[in-house]
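Have a look at the structure below before the remarks.
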Amino acid sequence: MTMLLPEGFRDRLPPHADAAAAVESRVLGVAHAYGYERVDPPLAEFAEGLGSRLKDGALSDAVRFVDPVSQRTMAIRPDITAQVARIAATRMAHHPRPVRLSYAGSVLKLRGGALQPEREARQIGCELIGLDTVAAAREVVTVAVEALGAAGASGVSVDFTLPDLVDTLAAGALPVGDVERLRDRLDAKDAGAVAALAPDYLPLIEAAGPFDAAIARLRSFDASGVLTSRLDALEAIAAAIGDRATLTLDPTERHGFEYQTWLGFSLFAAGATREVGRGGTYTLMHEGDAEEAATGFSLFAAAIAGDGAGERRRLFLPVGTPAADGARMRAAGWVTVAALEPGDTPEAQLCTHLYADGEARAL
Numbered sequence: 000m001t002m003l004l005p006e007g008f009r010d011r012l013p014p015h016a017d018a019a020a021a022v023e024s025r026v027l028g029v030a031h032a033y034g035y036e037r038v039d040p041p042l043a044e045f046a047e048g049l050g051s052r053l054k055d056g057a058l059s060d061a062v063r064f065v066d067p068v069s070q071r072t073m074a075i076r077p078d079i080t081a082q083v084a085r086i087a088a089t090r091m092a093h094h095p096r097p098v099r100l101s102y103a104g105s106v107l108k109l110r111g112g113a114l115q116p117e118r119e120a121r122q123i124g125c126e127l128i129g130l131d132t133v134a135a136a137r138e139v140v141t142v143a144v145e146a147l148g149a150a151g152a153s154g155v156s157v158d159f160t161l162p163d164l165v166d167t168l169a170a171g172a173l174p175v176g177d178v179e180r181l182r183d184r185l186d187a188k189d190a191g192a193v194a195a196l197a198p199d200y201l202p203l204i205e206a207a208g209p210f211d212a213a214i215a216r217l218r219s220f221d222a223s224g225v226l227t228s229r230l231d232a233l234e235a236i237a238a239a240i241g242d243r244a245t246l247t248l249d250p251t252e253r254h255g256f257e258y259q260t261w262l263g264f265s266l267f268a269a270g271a272t273r274e275v276g277r278g279g280t281y282t283l284m285h286e287g288d289a290e291e292a293a294t295g296f297s298l299f300a301a302a303i304a305g306d307g308a309g310e311r312r313r314l315f316l317p318v319g320t321p322a323a324d325g326a327r328m329r330a331a332g333w334v335t336v337a338a339l340e341p342g343d344t345p346e347a348q349l350c351t352h353l354y355a356d357g358e359a360r361a362l
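Number 305 in numbering that gives the first Met the number 0 belongs to position 306 of the sequence shown; there are no gaps in the numbering.
Shown next, in the form of structure tokens:
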């Protein structure tokens, strides 16, 4: 019988699973070094609670089911950020702010997309909760870039956006009737529709590209100065990153930033076929509708590890190799594979080296 997995699911085999696990370990190592302590929320929880912790964060992409014990609707998490927000607002509400938390776990979406058909993924991230400052945003973006470097990613680039840009302008300097449609058409870079809806917003389509040029265009566009604080903040963050990543700016990008506030960013790496992470500022909700600012990022291990086979470095220990010798080689950083019967071979065990005469010899 052929057993097929559901659409959007896949097995990750060696060495791909090892590569993804190594990415997770390295990312969490960087997070720990910056003071982000790990939390481990459950895979599923009550849907009502999960969907209420992020301001403007809908739970439309969650798989729901009725819990046979409580008879209440539960949801399998499509994003761990909402769970970290719940923890910060309840179990850790007493903790001095800001609180720095990290996490890693599986997430499940109701359906995949055309470009990202996978419904299950392994999400890794950090959240800094309790501050809405340039310093907080700068730290989060810096940790994200450093974590990607530690995970082995090269050619890292950061694409910034300003998710509340249109709302800010429409509420003051450039009022517009249909804000929702304008946001959608700007996101799609539909110049014709933008010209018909609100021609004053057309320069925003051109204000996208390499960071320095894009932010200069935005400053020229912002004659009223309503965006000055945001643009100053972006330049401060960019200065902190320096030459560790290529920086771009697309001020009206909204896809994937539905609940972010003044800052959003997407992360890319050389060789990856899609973005490897995303982050930004957002608002989490406490009981009684009290609000708290937060900034965070999420990375996806499989996207960073890619589909390459990765480097295998395995040392074959022939039958009769003393246990102490194997222990010594493992302590030196080798992965050892011991022959369990005389007919075993390095080739059968996918080994790259053979242990002989007290040393590792390349095959």
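Glycine is no exception: its CB is placed at the ideal position from the N, C-alpha and C atoms.
Contact between Val98 and Phe296 is absent: CB atoms are separated by about 16 Å, not below the 8 Å threshold. Shortest Cα-Cα distance from Ala74 to any of Gly176, Pro41, Thr227 involves Pro41.
Bridge partners of Tyr354 according to DSSP: Ala359. With fewer than 16 other beta carbons inside 10 angstroms of its own, Ala289 counts as exposed.
Exclusion of the five residues before and after Phe8 leaves Glu119 as the residues of its chain whose Cβ lies within less than 6 Å of its Cβ.
In terms of Cβ geometry, Leu248 and Ile240 do not form a close pair [threshold 8 Å]. Taking a C-beta distance under 8 Å as the contact criterion, Ala21 and Arg11 do not qualify as a contact pair. Apart from the 5 residues on each side of it in sequence, Ala269 sits with its Cβ closer than 7 Å to the Cβ of Ser153, Gly154 in its chain, given in chain order. With the rule of 3 Cβ pairs closer than 8 Å, the segment 276–294 does not count as touching the segment 178–198.
Taking C-beta separations shorter than 7 Å and ignoring five residues to either side along the sequence, the partners of Gln115 in its chain run Arg273, following chain order. Bounds of any beta strand (DSSP E) do not take in Glu310, whose DSSP letter is neither H nor E.
By the beta-carbon neighbour count (other beta carbons within 10 angstroms, threshold 16), Ala207 is buried. Per DSSP, the unbroken alpha helix (DSSP H) holding Gln82 starts and ends at 80–88. Taken through DSSP and simplified to helix, strand or coil, Phe220 comes out as helix. Inclusion of Ala347 and Leu316 in the CB contact set at 8 Å is not warranted, their separation being larger than that value.
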